[in-house]
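All remarks here apply to the structure that follows.
Protein chains: 4
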Amino acid sequence: MTQQRQQLSFGLIGWGYWGPKLARNLESLPQASLEIVADLDPMSLAKVSAERPWIKTTTRVEDVFSSNVDGIVIATPVSTHFDLARKALGHGKHILVEKPLTTSVCEAEELIALAERERRTLMVGHTFEYSPAVTQLRQLIQDGELGNIYCVEIERLNLGLFRTDIDVIWDLAPHDASILLAILDRSPSKVQAHAHAHLHPAIYDVAHLDLEYESGTTAHIHVSWLHPAKVRRVTVIGDSRMAIYDDTNPAEMLKVFNKGADVGVDPVFSYRHGAITIPHIEWMEPLRLECEDFAHAIRTGEEPRANGRAGLEVVRILTAAQESLLVRQIA
Amino acid sequence: MTQQRQQLSFGLIGWGYWGPKLARNLESLPQASLEIVADLDPMSLAKVSAERPWIKTTTRVEDVFSSNVDGIVIATPVSTHFDLARKALGHGKHILVEKPLTTSVCEAEELIALAERERRTLMVGHTFEYSPAVTQLRQLIQDGELGNIYCVEIERLNLGLFRTDIDVIWDLAPHDASILLAILDRSPSKVQAHAHAHLHPAIYDVAHLDLEYESGTTAHIHVSWLHPAKVRRVTVIGDSRMAIYDDTNPAEMLKVFNKGADVGVDPVFSYRHGAITIPHIEWMEPLRLECEDFAHAIRTGEEPRANGRAGLEVVRILTAAQESLLVRQIA
Amino acid sequence: MTQQRQQLSFGLIGWGYWGPKLARNLESLPQASLEIVADLDPMSLAKVSAERPWIKTTTRVEDVFSSNVDGIVIATPVSTHFDLARKALGHGKHILVEKPLTTSVCEAEELIALAERERRTLMVGHTFEYSPAVTQLRQLIQDGELGNIYCVEIERLNLGLFRTDIDVIWDLAPHDASILLAILDRSPSKVQAHAHAHLHPAIYDVAHLDLEYESGTTAHIHVSWLHPAKVRRVTVIGDSRMAIYDDTNPAEMLKVFNKGADVGVDPVFSYRHGAITIPHIEWMEPLRLECEDFAHAIRTGEEPRANGRAGLEVVRILTAAQESLLVRQIA
Amino acid sequence: MTQQRQQLSFGLIGWGYWGPKLARNLESLPQASLEIVADLDPMSLAKVSAERPWIKTTTRVEDVFSSNVDGIVIATPVSTHFDLARKALGHGKHILVEKPLTTSVCEAEELIALAERERRTLMVGHTFEYSPAVTQLRQLIQDGELGNIYCVEIERLNLGLFRTDIDVIWDLAPHDASILLAILDRSPSKVQAHAHAHLHPAIYDVAHLDLEYESGTTAHIHVSWLHPAKVRRVTVIGDSRMAIYDDTNPAEMLKVFNKGADVGVDPVFSYRHGAITIPHIEWMEPLRLECEDFAHAIRTGEEPRANGRAGLEVVRILTAAQESLLVRQIA
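Protein chains in written order, with numbering that gives the first Met the number 0: chain A, 0 to 330; chain B, 0 to 330; chain C, 0 to 330; chain D, 0 to 330.
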């Protein structure tokens, strides 16, 4: 591309788990620079300064809002997302907010409305949506390669890290809800959950979410902080093919099974057993692709893939799950 | 053993999927013989006669009841279990009934009472209880090797075989409910299910069961007829160790993980990551061990491992799951 | 097929490891019966009589030769193959000899000549040639799907069973030599071996064979009685595709990799990374197919797949390996 | 450690495959800095300057020698190692030379003598020696946990990268020869190789090395540039236990099998089948540990683990393999 790209500058709020990863990727974008980092902890900022003496650091988020950066990345605890995002938009900044977007549906809706009014990009950090394997799985489904989708089973399990600010549903299920949204391209009509708190009495560490769609498709999400092995698996059952996306197996990340059951008369069901295909997937870091999409959205005004509405949908699923748990507790 | 063992004779009702397997194992028991086989289908009986001309065959179950065999194995569709079992006990026969024992709790209770009155062995074909891996897992838990059990996750998935007489819960979950009972040695206080019917509108083909125990332990059973890979996995999460029993991996059927999370003050949780141990398990066919236990129970009058109460507990779990689905459908 | 098939009768010499397996398969062939079994050990024969009272047993091989059976299966120690096979052919019998056919090239040649003269079937028990996965791999290669074959790497490793009559090369490598012959359809021009005796000073338990073909193709066979895991793997490297046949993985027995290196100018080599395909292979027991081929050959006079010349080629490779070890020992 | 550590400065020659990785690790060492980088290609140096403007770059190696750095890392093509290393030592520098140390035994010996005379550290980049899994395997063997070692089988296979300056033996086998040296702590008495050139007529791309030790231990190294899967596996067979180190499986990198064959009388061999243990290995990047060892050796004057003699031993094995190939070619 010989075309001149607009130079972009970024600010980053929050130097916790995601902050350094986002910084590394923002810095590596062409024609882009990270200019200011804010965090409440001076120790964290000292680390930033030691490695990147050219970046301005501050403990006051207002310094980021009032700076002349084009975009602000918000990587703080969930409870602060809404307030920070609203202020950033209010200052005319494009924003990328870590997942989940907000803690409630109405907050998410307010941010969407505000971003539209301000004509600014509102994007959510649904990293897995940018995984090349998810992109390929989405394509397979949209091209009808798997046929009509009966159900999707997702597991995201590992030992830890336990959190005390949010439960396992709000911690892990945003990944799965956003993957579901990306591949099925529709919202569930019903969400019900079972969750259990084994380690800390007030915080769920194991949960199962059951989702139903108008189309008859169903989905199930199993998330856990208490599991001996790392599992990140999505199984899609279609009426013509089935697929397994296993994020922990780089050499065979996506497997497509040409098998299934066909409804007949006598016998009532017949089974097809065909070949398994493992497409070659050109690996690219999802977070890098996410940052590229943020830059592209700012430059062009186009919607990013993980836009505000995607963020809202994910929050809708999480709060529906939470409500179903409350209902059961009361009953 | 130089001691004289009592010679045992058996009758078998039902020559479908399990019949031939049971016959092979009954025949191979020392001091035992299979003498009569009943089935409604003369074609099936013709096959029996062709391979085993010395066995008597009949389409009338009464012939089995009135024969002089010591024990009768009932391997017919579930709906016929109760009636056949009651009659067999009424004729003074010891019985081994395929899983699940009955279609209702009160039928199971009636059979238990009848067997006690008649002083006859009532046993259920909970084959997996006899798997050497389940026996070893049960021992680990009872010896406290895993510590206090937080939760158990069970998956039993495969493509087919679809059945039209019962749904996936009644078809596959008896295995899992009996494994849970065998390893935890207690009954759940609450059972709730989500189930979906994708292929045939009236028959569930995918189901999730959520179980809670008084002790705080929870369990989850996922059964499916619609899955591209064969999965038979039990994960047990204890507060000192974790274990995975994978029935499809003969070389590493049981893995014990010396890892976990400990509750602390600051940090709130700390993680232990120790060695994985894969005990050597001397393989023996579970069905063979089950048939041995049946013969042993008949000879000694001792309770078999998979006795009537185990059969009742499994039926209790299945019917509770079924009821929770009805409640949700109505609501 | 409504056509009348000729009724065949078989005799079996040797009731060791392979005897019972061969008997089970011979018995299950349509229009065929096993009539007589010979073994030097009366205890073995007693077992045969207990399970199959209708079969004649004898400790004298002459009884088998002089019986009226059509075909004789020879499953005795290798050193006795030649003598027994010669006598059986001399009595006008069709024969199936366990692998390896003989202990020397000239013996194998003499048996081939004799079988031709007597117009009788001479077949060798190269069981793996009949594996559906080997058949499919052979087809892929012959159809040019893998392109020109650079090399083949074979591993056949496990703990035991140690033998004291033959070394690991004569015990295990016949499988691999026959697979190579089946898939490449040509004979090596050079065979060299390295072998080591760790457990018993006079018997090799680990060996590597290096084979070269006129075409430039090379092959390597690694056999071992001293390995912690069971490995049975054949890797074929072609200039357009690569394939791995893993006999221990029933669900993914054959994997075809659409990848390779292409010779260029600058850069000198470029790499292709495409999809992996796992064809569905309809499983059938190789030994059953082998017995069917024997029966078919007897009935039709057609050459069986694992004919005398295949047996000779395998013996040629084994003796060449043995000689290369002697040469090195002397030098 | 409150003790004052000597500040160290480094120079690096060669910005190819290993250069950037080495630079990253040298920079992250405490009390250390990378000051100058030399490469013949100005484009490579431009990349260095872009990312690390504070580092001096040069196309003349003399600038590195005459700088005031304490240690020089030589990461250039093998053929230049000897000359650069000699000059660096001549300038009083401590050196870390990429593997293999030199192209001939006498060159390696000369460097060792020179380093001793100059009292400078001579270290070789045998990265795998620093892998925590290799360290643990070495410990197991030295503690006698595996018993007497019968044999070691090593595989290092992948597709590419083909090189035109050296063959697959000189490219990949240094890793394996150095691992063997690290775990067995002795040198082979005999080395023989088979190698084949499939892609480029003059360059071996597949090779098998057979090694014998005075103790009776044997080893086999299989290296290949032509393989569909990435394999990096070391199997150690001891008379009491067996172990597999699989570098591609982070979760189960080292497996210890409590199994084996025992020599008896009747039966001649008996088999033990015990548990498998997978020790928890705290992961640390081997290259980081290597760089730490280099810094430690410079500061203390102690020998690094991968010292000159280790480098010499590896070159000895590679040249012996090469000679055995020449002998066979001539014969």
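Just so it is clear, CB atoms sit at the ideal spot from N, CA and C, and this is done for glycine as well. Since the model is a prediction, treat every value here as computed from it, not as a measurement.
With residue i and residue j assumed to form a contact (beta carbons below 8 angstroms), what rounded beta-carbon distance in angstroms separates them?
i, j, result
"E108(C)", "L311(C)", "6 angstroms"
"L317(C)", "W169(C)", "6 angstroms"
"V68(A)", "G159(A)", "Not a contact, Cβ separation roughly 34 angstroms."
"R155(C)", "V222(C)", "5 angstroms"
"N147(A)", "D238(A)", "5 angstroms"
Would you call the CB atoms of residue i and residue j closer than 7 angstroms?
i, j, result
"L121(D)", "A114(D)", "yes"
"A320(D)", "H125(D)", "no"
"I182(C)", "L136(C)", "yes"
"D166(D)", "I202(D)", "yes"
"A294(B)", "L95(B)", "no"
"V314(C)", "P99(C)", "yes"
"W14(C)", "S43(C)", "yes"
"R332(B)", "V255(B)", "No answer is possible for residue 332(B): it lies beyond the span of chain B, which begins at 0 and ends at 330."
"V63(A)", "A37(A)", "yes"
"F344(A)", "F161(B)", "An answer regarding residue 344(A) cannot be provided, because it is not within the stretch 0 to 330 covered by chain A."
"G70(A)", "I297(A)", "yes"
"C290(C)", "L25(C)", "yes"
"D184(B)", "I153(B)", "no"
"E117(A)", "F81(A)", "no"
"T234(D)", "H195(C)", "no"
"I277(B)", "E251(B)", "yes"
"D204(D)", "L210(D)", "no"
Kindly indicate the opening and closing residues of the alpha helix (DSSP H) around residue i.
i, result
"E302(A)", "Segment: none, E302(A) is in no alpha helix (DSSP H) and carries neither H nor E."
"M283(B)", "From DSSP, M283(B) is part of no alpha helix (DSSP H); its letter is neither H nor E."
"R232(D)", "Looking at the DSSP string, R232(D) is not in any alpha helix (DSSP H); the run it does join, the beta strand (DSSP E), is 230 to 237."
"R23(C)", "17 to 27"
"M42(B)", "41 to 50"
"S65(B)", "60 to 65"
Determine the burial state of residue i: buried for a count of at least 16 other Cβ atoms within 10 Å of its Cβ, exposed for fewer.
i, result
"A206(C)", "buried"
"E61(C)", "exposed"
"E213(C)", "exposed"
"M0(C)", "Confidence at M0(C) is low in this model, with a pLDDT of 42, below 50, so the placement of that residue is unreliable and no value is reported for it."
"H272(A)", "exposed"
"S65(A)", "exposed"
"Q191(A)", "buried"
"V264(C)", "exposed"
"G143(D)", "exposed"
"T58(C)", "exposed"
"W53(D)", "exposed"
"R231(D)", "buried"
"L21(C)", "buried"
"D164(D)", "exposed"
"A172(C)", "buried"
"S78(B)", "exposed"
Taking the beta strand (DSSP E) that residue i falls in, what are its first and last residues?
i, result
"V263(C)", "Per the sequence shown, the amino acid found at residue 263(C) is Gly instead of Val. That residue, G263(C), is in no beta strand (DSSP E); it is neither H nor E in DSSP."
"E34(A)", "31 to 37"
"D246(C)", "Element bounds for D246(C): n/a, residue is neither H nor E."
"S269(C)", "268 to 277"
Run through the segment 69 to 106 of chain D for me and flag every whole alpha helix (DSSP H) of 4 or more residues, listed as ranges in chain order. 77 to 89
What are the complete beta strand (DSSP E) segments, minimum 3 residues, inside the segment 125 to 203 of chain C? Scanning the segment 125 to 203 of chain C from its first residue to its last, the whole beta strand (DSSP E) runs of 3-plus residues come out as 148 to 156, 189 to 195.
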